[in-house]
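Reading through the structure tokens given below for one structure.
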Amino acid sequence: MRNTTMKDVRWRAVLIVILMAIFFQTRASSKPVPPHAGYPINYHRVAYIASIDARSILIGDSVYGIDENTQFNLPGMLNVSSSHFKTGDLVGLLFRKDAPKVVSVWRLTKDDAMLYWAEHRSQNTPPDR
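In the working numbering, the protein residues as written are 10 to 138.
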């Protein structure tokens, strides 16, 4: 069995501290990358569409107003018609600050949502699907 000296223990401790500092510095300085070109990094809400029509979108048990100014976005295609969206689609929503109106709807893949939820653990968790 190898005899570990106090000098070896200190050297290992210093090495671990240096490696941890490099890891956390790299992690803190890296900027989040949106899942698709033109997409935001954060959303006010991420969930499945329960229903959608020309005037509102139902997410869970919450109804949000939409209008002709609401932007609908797909990966690779920004500002498309709301007809591209249907019940069961996983979306990220951005709201107006002064009213519960949806400014934009962003279709997400399950991988996009999992990355979002991993970075925002304190917010709503992924629904079962």
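Idealized CB from N, CA, C, for every residue including glycine. As the structure is a computational prediction, the values presented were derived from the model and not from experiment.
Item: Bridge partners - I66, DSSP secondary structure assignment; Value: I61, Y73
Item: Environment of P136 [buried if 16+ CB atoms lie within 10 Å]; Value: At P136 the pLDDT is 49, less than 50, meaning the model places this residue with poor confidence; the figure from the coordinates comes in the next sentence. Label assigned to P136: exposed.
Item: Option in F94, N82, A22, L24 with minimal Cα separation from A63; Value: F94
Item: Cβ-based neighbour list, Y52, same chain, cut-off 8 Å, excluding 5 preceding and 5 following; Value: G101, L102, L103, W115, Y125
Item: Spatial neighbours of D121 in its chain, beta-carbon cut-off 7 Å, leaving aside the 5 residues before and after; Value: P44
Item: Given V55 as reference, the closest of I61, S65, G69 once Cα atoms are compared; Value: G69
Item: Assigned secondary structure, F94 (DSSP; H/G/I helix, E/B strand, else coil); Value: coil
Item: Alpha carbon of S60 to alpha carbon of A46, nearest angstrom; Value: 27 Å
Item: Whether L87 touches L99 by CB criterion (8 Å); Value: no
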